[in-house]
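Report on the structure given below.
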Amino acid sequence: MLVRKYMKTHVYSIHATQTIAEAARLFVDKHIGALPVIDQDNRLLGIVYDFNLIEIGMPDFTRLLSHFEFLHDLGALEMTNPDAAELHRPVAAIMHPAVTVDETDSILLAAALLHKNSLNDLPVVDNQNRLVGIVSHVDISTAIMKDWLNE
Amino acid sequence: MIVQILAMLLFLLCLGIILLGKSHRTVVAWVGAVLMVILGKLFGVYDETRAIASIDFNTLGLLLGMMVLMALFEPTGFIEFLAIWVAKLSRGRPVRLLVLLGTVTTIASMFLDNVTTVVLIAPVTILICELVGLNPMLFLVAEAVLSNTGGASTLVGDPPNVLVASAAGFTFLDFLVYSMPIIFFCWIAALWILGRFTRKDMGRKARKESSLEALNPREVLREPLAARKVLLVTGLAVLIFLFEEKLGMRPALVALGAAGLGLVWVRPDLDETLKRIPWDILLFFTGLFALIGGLEAVGVMEIAAGWIKGLANLPVVVAGVLMLWITALLSAVVDNIPITIAIIPVLESLGRMGMDTQPLWWALVLGAGLGGNGTIIGATANVVVSSLSEKTRTPITSVYWMKRGFPVMLVTCAVATIVYVIGFTWVFR
Numbered sequence: 129m130l131v132r133k134y135m136k137t138h139v140y141s142i143h144a145t146q147t148i149a150e151a152a153r154l155f156v157d158k159h160i161g162a163l164p165v166i167d168q169d170n171r172l173l174g175i176v177y178d179f180n181l182i183e184i185g186m187p188d189f190t191r192l193l194s195h196f197e198f199l200h201d202l203g204a205l206e207m208t209n210p211d212a213a214e215l216h217r218p219v220a221a222i223m224h225p226a227v228t229v230d231e232t233d234s235i236l237l238a239a240a241l242l243h244k245n246s247l248n249d250l251p252v253v254d255n256q257n258r259l260v261g262i263v264s265h266v267d268i269s270t271a272i273m274k275d276w277l278n279e
Numbered sequence: 254m255i256v257q258i259l260a261m262l263l264f265l266l267c268l269g270i271i272l273l274g275k276s277h278r279t280v281v282a283w284v285g286a287v288l289m290v291i292l293g294k295l296f297g298v299y300d301e302t303r304a305i306a307s308i309d310f311n312t313l314g315l316l317l318g319m320m321v322l323m324a325l326f327e328p329t330g331f332i333e334f335l336a337i338w339v340a341k342l343s344r345g346r347p348v349r350l351l352v353l354l355g356t357v358t359t360i361a362s363m364f365l366d367n368v369t370t371v372v373l374i375a376p377v378t379i380l381i382c383e384l385v386g387l388n389p390m391l392f393l394v395a396e397a398v399l400s401n402t403g404g405a406s407t408l409v410g411d412p413p414n415v416l417v418a419s420a421a422g423f424t425f426l427d428f429l430v431y432s433m434p435i436i437f438f439c440w441i442a443a444l445w446i447l448g449r450f451t452r453k454d455m456g457r458k459a460r461k462e463s464s465l466e467a468l469n470p471r472e473v474l475r476e477p478l479a480a481r482k483v484l485l486v487t488g489l490a491v492l493i494f495l496f497e498e499k500l501g502m503r504p505a506l507v508a509l510g511a512a513g514l515g516l517v518w519v520r521p522d523l524d525e526t527l528k529r530i531p532w533d534i535l536l537f538f539t540g541l542f543a544l545i546g547g548l549e550a551v552g553v554m555e556i557a558a559g560w561i562k563g564l565a566n567l568p569v570v571v572a573g574v575l576m577l578w579i580t581a582l583l584s585a586v587v588d589n590i591p592i593t594i595a596i597i598p599v600l601e602s603l604g605r606m607g608m609d610t611q612p613l614w615w616a617l618v619l620g621a622g623l624g625g626n627g628t629i630i631g632a633t634a635n636v637v638v639s640s641l642s643e644k645t646r647t648p649i650t651s652v653y654w655m656k657r658g659f660p661v662m663l664v665t666c667a668v669a670t671i672v673y674v675i676g677f678t679w680v681f682r
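Those sequence lines, one after another, are chains L and H. Numbering (the working numbering) for the first sequence: 129 to 279. Numbering (the working numbering) for the second sequence: 254 to 682.
This is the structure:
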C-alpha cells in the first residue's frame, strides 16, 4: 500500500515570499489545515499549519504555563489580533521544516510519522523534493481500516 | 612555598573561570578538586582521605533534604494558588497587586531557593497581568528582586547563606535573629520603592478587574492533599531547626528526616521527584569543599591572612559596612556564589588573627543577597525572569533593569547599612 495511491494530488500551496495575510486567506477560503510552502520550481521549503498562524495572536501565558485548565472563561482575554505589519511578513518567517513522505513510501510509515509528530497532514514529495501531493490522517487511517474490513 | 603558590593559583584559576562563565561551575569545582588532590599528593600535604574529610556532609545533607521537600512542593500548584488568590484580593489595582504578589514571593523564597520561587510565580504573574491588562515587566523585576531579598533572610533561602553558615558555624536560629530583622527593613524599603515605580508606570486605577472574578484559586491547586502534607512537614522541620541546639540535632538530620517523612507520606513518583533536584548544586558544593580543604591543608590561608592584616585594625562595624558594600557591588556584576567563596577564606583568616568576625559574616550575607538586585545578570533569579520575559511581547532589557532594579539595590543596601550599624553597635552587642 503506497502513499501515491491514497494522496490528494490537487494541493493548495503558497510561495515563501507571499504574506501571512495571503496564507490566512487560503486557509479560510479553502478550509484547510496545512499549507506547504514552495519555491518557484515547486520544491518544498517548509510548511505552515493552521496553529502556526493562530499562535501569533495567542496570549503570552499559554507559552509559559503548563497548566491553565482553570481558565474556564477566556472571555475577558480577547485575542490580540495581529497588526498589519505582522500580517504582511512573509510566510517564510513562520514556516517550519516539513515532515514529508515520499510518494513511493508505505502508508504505514505515513501513519506512524503523523502519529509520532502529532500532525494532521503530510506533504508528499518525489525524489527531487518536488511537491506532488498531500495526505491527511483521515486519508491514511481509513485506507488502513478498509483493508482490515476487506473492502 | 611552591606548593602554596600553586594551590593559590589553582584556586584563583577556578574562581576566574567561574566568574567569566566559560564553563559550568560544577565542572570547574569538580576538576579543580581533582587537581588540588593530585597537587597535594605530589607534595605530600593533601590526599583523598583529607579531601573527603573536608567535605561538609552536614551542609550537603541540609541542602539535599530541603531540595527534596522543594521537589515535592513544586508540582502541587500551591504557589500558583497563592498568586491567583492574592490577585483576586488586589481587584486588579496595580500597586496592591505588586505588594501582594511580592509578599507571596518573599515568603516563598525564605523556604524555597530563589530560582525555584520565580520559576513558579513568574508565569502565573504573566497570566494575571494579561488578564487585567497590565504590562508584566515591573512585576517580574519586582519578583526577582524580592525573592533575592527574602532569600537572604534564612539559612535555607539561598546557597551563599548555606556556605556562610557552614564556614561560620551559624544555625537556622542565628539567621532569624541577625539576618531576618535587617532584611525585614530592607524588604519594606524595596516594596515602597517598587510601589512608587508601579504608581508612576501604571497609575492607581483598577483595570479589567472583572476578568479575575471568574478565576477559582482552588482549581489552580492541583494536589491539595500533597500540598498540605508538604507544608506540614516543612513547618515541622522549621520548628525543629529552631530548637536544633537544645535537641542536639544537626541541620542535616532535620532536613533529611523531614524529606524522608515527606517521601513516605506523599508517596510521589520517585523518579519524577528526583529529576527536579538540582544535582549540579550538590556536586558543585562537594567539589568546592574538597578544593578549599586543599587550600587550608597547604597553608594558603595563613599567607592570605598576612596580606589583609590591616583590616583587623579597623573597628568591626566599619569593616562590616565596607564588607557589605564591596560584596554588594561585586555581586551586582557577577553571581553571588563565587563572590562568597572568594570572601570566605579572607574572613576565616581574619578570624584566626583574633578578630571578632561574626558581624562581618552577616555583612557578607547581606551584601551577597541584596547586591544581586542591581543588574539583570546579578542573580540567577534575575536571569530566569528576563529569559521568561523574552517569550512575551515585552521582554525585559538590561537598561530597564538599571532603571527599575538598580535603585532597589541602592535603597535596600542603604537601609541595610543603617540597620546593620545600629544593630551591631547597640542591639546585638
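Glycine residues also receive a C-beta, built at the ideal position from the N, C-alpha and C atoms.
- [ ] Could you please give me the residues that DSSP links to arginine 258 of chain L through a beta bridge?
- [x] As a first step, residue 258 of chain L is located in the first sequence; it is residue number 130 there, counting from the start. For arginine 258 of chain L, which the question treats as bridged, DSSP gives the partners L:Arg171.
Open item on the list: Out of H:Phe423, H:Asn388, H:Glu472 and H:Ser343, which one is the CA nearest neighbour of glutamate 498 of chain H?
Closed with: One-based indexing of the second sequence puts residue 498 of chain H at position 245. If we check each option's Cα against that of glutamate 498 of chain H, H:Phe423 comes out closest.
- [ ] Kindly identify the DSSP beta-bridge partner or partners of serine 432 of chain H.
- [x] Residue mapping note: residue 432 of chain H aligns to position 179 of the second sequence, counting from 1. DSSP output for serine 432 of chain H lists no bridge partner at all.
- [ ] Thinking threonine 378 of chain H and glutamate 396 of chain H are a contact (beta carbons under 8 Å), I'd like their distance in whole angstroms, please.
- [x] Taking the first residue of the second sequence as 1, we reach residue 378 of chain H at position 125. Taking the first residue of the second sequence as 1, we reach residue 396 of chain H at position 143. Yes, they are in contact, since the Cβ atoms of threonine 378 of chain H and glutamate 396 of chain H sit about 6 Å apart, within 8 Å.
Task: Burial state of arginine 346 of chain H (16 or more Cβ within 10 Å) - done: Translated into the one-based positions of the second sequence, residue 346 of chain H becomes position 93. With 16 or more other Cβ atoms within 10 Å, it is buried.
- [ ] Tell me whether threonine 228 of chain L sits in a helix, a strand or coil according to DSSP, three-state version.
- [x] Stepping through the first sequence from its first residue, residue 228 of chain L is reached at position 100. Threonine 228 of chain L: coil per DSSP, three-state reduction.
Task: 4-residue-minimum alpha helix (DSSP H) runs that sit fully inside the stretch 310 to 369 of chain H, ordered along the chain - done: 310 to 326, 331 to 343 and 347 to 364
Task: Sufficient close CB pairs (3 or more, under 8 Å) joining the stretch 161 to 179 of chain L to the stretch 339 to 356 of chain H - done: no
Open item on the list: Taking the straight line between their C-alpha atoms, what separation do you get for serine 246 of chain L and alanine 239 of chain L?
Closed with: Along the first sequence, one-based indexing puts residue 246 of chain L at 118. Along the first sequence, one-based indexing puts residue 239 of chain L at 111. Serine 246 of chain L and alanine 239 of chain L: Cα-Cα distance of roughly 10 Å.
Task: Meets three-Cβ-pair contact criterion under 8 Å: the stretch 577 to 592 of chain H and the stretch 618 to 632 of chain H - done: Short answer: they touch.
- [ ] Count the C-beta pairs between the stretch 599 to 617 of chain H and the stretch 630 to 642 of chain H that are closer than 8 Å, then say yes if the count reaches three, no if not.
- [x] no
TODO: Per DSSP, which residues does proline 251 of chain L bridge with? Please list them.
DONE: Taking the first sequence and counting its residues from 1, one reaches residue 251 of chain L at position 123. Paired residues: L:Ile262.
Open item on the list: Let me check understanding here. Comparing Cα to Cα, which of H:Leu506, H:Leu478 and H:Pro477 lies closest to valine 491 of chain H?
Closed with: Looking up residue 491 of chain H in the second sequence gives position 238. Valine 491 of chain H has its Cα closest to that of H:Leu506, out of H:Leu506, H:Leu478 and H:Pro477.
TODO: Kindly indicate the opening and closing residues of the alpha helix (DSSP H) around alanine 162 of chain L.
DONE: By one-based count along the first sequence, residue 162 of chain L stands at place 34. That residue, alanine 162 of chain L, is in no alpha helix (DSSP H); its beta strand (DSSP E) goes 162 to 166.
- [ ] Give every residue of the same chain whose Cβ lies closer than 6 Å to the Cβ of cysteine 666 of chain H, excluding the five residues on either side of it in the sequence, and list them in chain order.
- [x] Along the second sequence, one-based indexing puts residue 666 of chain H at 413. Taken in chain order, the residues that qualify are Ala581 and Leu623.
Task: the stretch 439 to 458 of chain H contacting the stretch 385 to 395 of chain H, beta-carbon criterion three pairs below 8 Å - done: The stretch 439 to 458 of chain H is in contact with the stretch 385 to 395 of chain H.
TODO: Enumerate in chain order the residues of its own chain whose CB-to-CB distance from isoleucine 435 of chain H is below 7 Å, with the five nearest sequence positions on each side excluded.
DONE: The residue given as residue 435 of chain H occupies position 182 in the second sequence. Leu619, Ala669, Val672, Tyr673 and Gly676.
TODO: Would you mind telling me which residues of chain H sit closer than 7 Å to leucine 215 of chain L, beta carbon to beta carbon, in chain order?
DONE: Reading the first sequence from its first residue, position 87 is the one you call residue 215 of chain L. Residues of chain H passing the Cβ test: none, with the nearest at roughly 16 Å.
Open item on the list: Against threonine 708 of chain H, what residues of chain L qualify as contacts under a CB-to-CB distance less than 7 Å, listed in chain order?
Closed with: Chain H is shown only over 254 to 682; residue 708 of chain H falls outside these bounds and no answer can be derived.
- [ ] For isoleucine 596 of chain H, collect the residues of the same chain with a Cβ closer than 7 Å to its Cβ; drop the 5 residues on either side in sequence, then sort them by chain order.
- [x] Numbered from its first residue, the second sequence carries residue 596 of chain H at position 343. Thr580 and Leu617.
TODO: Examine chain H for any beta-carbon lying closer than 7 Å to the beta-carbon of arginine 153 of chain L, and answer yes or no.
DONE: Taking the first sequence and counting its residues from 1, one reaches residue 153 of chain L at position 25. Judged by the 7 Å Cβ criterion, arginine 153 of chain L is not in contact with chain H.
Task: For aspartate 178 of chain L, the first and last residue of its enclosing alpha helix (DSSP H) - done: Position 50 of the first sequence, counting from 1, holds the residue named residue 178 of chain L. DSSP places aspartate 178 of chain L in the uninterrupted alpha helix (DSSP H) bounded by 178 to 182.
Open item on the list: Assuming contact is defined by CB atoms lying nearer than 7 Å, are glycine 403 of chain H and methionine 363 of chain H in contact in what I supplied?
Closed with: For the purposes of this step, residue 403 of chain H is taken as the residue at position 150 of the second sequence. For the purposes of this step, residue 363 of chain H is taken as the residue at position 110 of the second sequence. Closer than 7 Å, so yes.
TODO: Please state if the CB of valine 638 of chain H and the CB of alanine 375 of chain H are separated by a distance shorter than 7 Å.
DONE: Within the second sequence, the letter at position 122 stands for residue 375 of chain H. Within the second sequence, the letter at position 385 stands for residue 638 of chain H. Closer than 7 Å, so yes.
TODO: Name, please, each residue of chain H whose Cβ falls closer than 7 Å to the Cβ of histidine 200 of chain L.
DONE: Sequence index remark: in the first sequence, residue 200 of chain L carries index 72 (1-based). Scanning chain H for C-beta atoms nearer than 7 Å to the C-beta of histidine 200 of chain L yields Ala467, reported in chain order.
Open item on the list: Strictly below 7 Å CB to CB, what residues from chain L border isoleucine 475 of chain H?
Closed with: Numbered from its first residue, the second sequence carries residue 475 of chain H at position 222. First, the residue type needs correcting, since residue 475 of chain H is arginine and not isoleucine in the sequence shown. Residues of chain L passing the Cβ test: His195.
TODO: Measure the CB-CB distance between valine 483 of chain H and leucine 325 of chain H and report whether it falls below 7 Å.
DONE: In the second sequence, residue 483 of chain H corresponds to position 230, counting from 1. In the second sequence, residue 325 of chain H corresponds to position 72, counting from 1. In this structure, leucine 325 of chain H lies closer than 7 Å to valine 483 of chain H by Cβ.
- [ ] Anything in the stretch 323 to 335 of chain H with a Cβ closer than 8 Å to a Cβ of chain L? List those residues in chain order, please.
- [x] Gly330 and Glu333
Task: Contact set between valine 377 of chain H and chain L, taken where Cβ atoms lie within less than 7 Å - done: What you label residue 377 of chain H is simply residue 124 of the second sequence in a count that begins at 1. Near valine 377 of chain H (Cβ distances below 7 Å), the residues of chain L are Leu193.
Task: Nearest candidate by alpha-carbon position, reference arginine 132 of chain L, set L:Leu237, L:Pro225 and L:Ala151 - done: Within the first sequence, residue 132 of chain L is the residue found at index 4, counting from 1. Checking every option, the nearest Cα to that of arginine 132 of chain L belongs to L:Leu237.
Task: Through-space distance from asparagine 469 of chain H to tryptophan 679 of chain H, alpha-carbon basis - done: Locating residue 679 of chain H in the second sequence gives position 426, counting from the first residue. Locating residue 469 of chain H in the second sequence gives position 216, counting from the first residue. One C-alpha to the other measures close to 49 Å.
TODO: Using alpha carbons as the reference points, say which of H:Leu353, H:Pro531 and H:Ser463 lies closest to tryptophan 338 of chain H.
DONE: The residue you call residue 338 of chain H lines up with position 85 of the second sequence. Considering only H:Leu353, H:Pro531 and H:Ser463, the residue with the shortest C-alpha distance to tryptophan 338 of chain H is H:Leu353.
Task: Same chain, Cβ closer than 7 Å to methionine 576 of chain H, five either side skipped, listed in chain order - done: For the purposes of this step, residue 576 of chain H is taken as residue 323 along the second sequence, with counting starting at 1. Excluding sequence neighbours, methionine 576 of chain H sits near Leu613, Ala616, Leu617 and Gly620.
Task: Close-in-space but distant-in-sequence residues of the same chain around leucine 181 of chain L (CB under 8 Å, 5 per side omitted) - done: Taking the first sequence and counting its residues from 1, one reaches residue 181 of chain L at position 53. The residues are Ile148, Ala151, Ala152, Phe155 and Ile222.
- [ ] Please list the partners that glutamate 472 of chain H has in chain L, where partner means a Cβ-to-Cβ separation under 8 Å.
- [x] In the second sequence, counting from the first residue as 1, residue 472 of chain H sits at position 219. What glutamate 472 of chain H touches in chain L: Glu197 and Phe198.
Open item on the list: If I measure Cβ to Cβ from valine 139 of chain L and keep anything under 7 Å in the same chain, skipping five residues before and after, which residues do I get?
Closed with: Numbered from 1 along the first sequence, position 11 holds the residue referred to as residue 139 of chain L. Cβ neighbours of valine 139 of chain L beyond the five flanking positions: Pro164, Leu259, Gly261 and Ile262.
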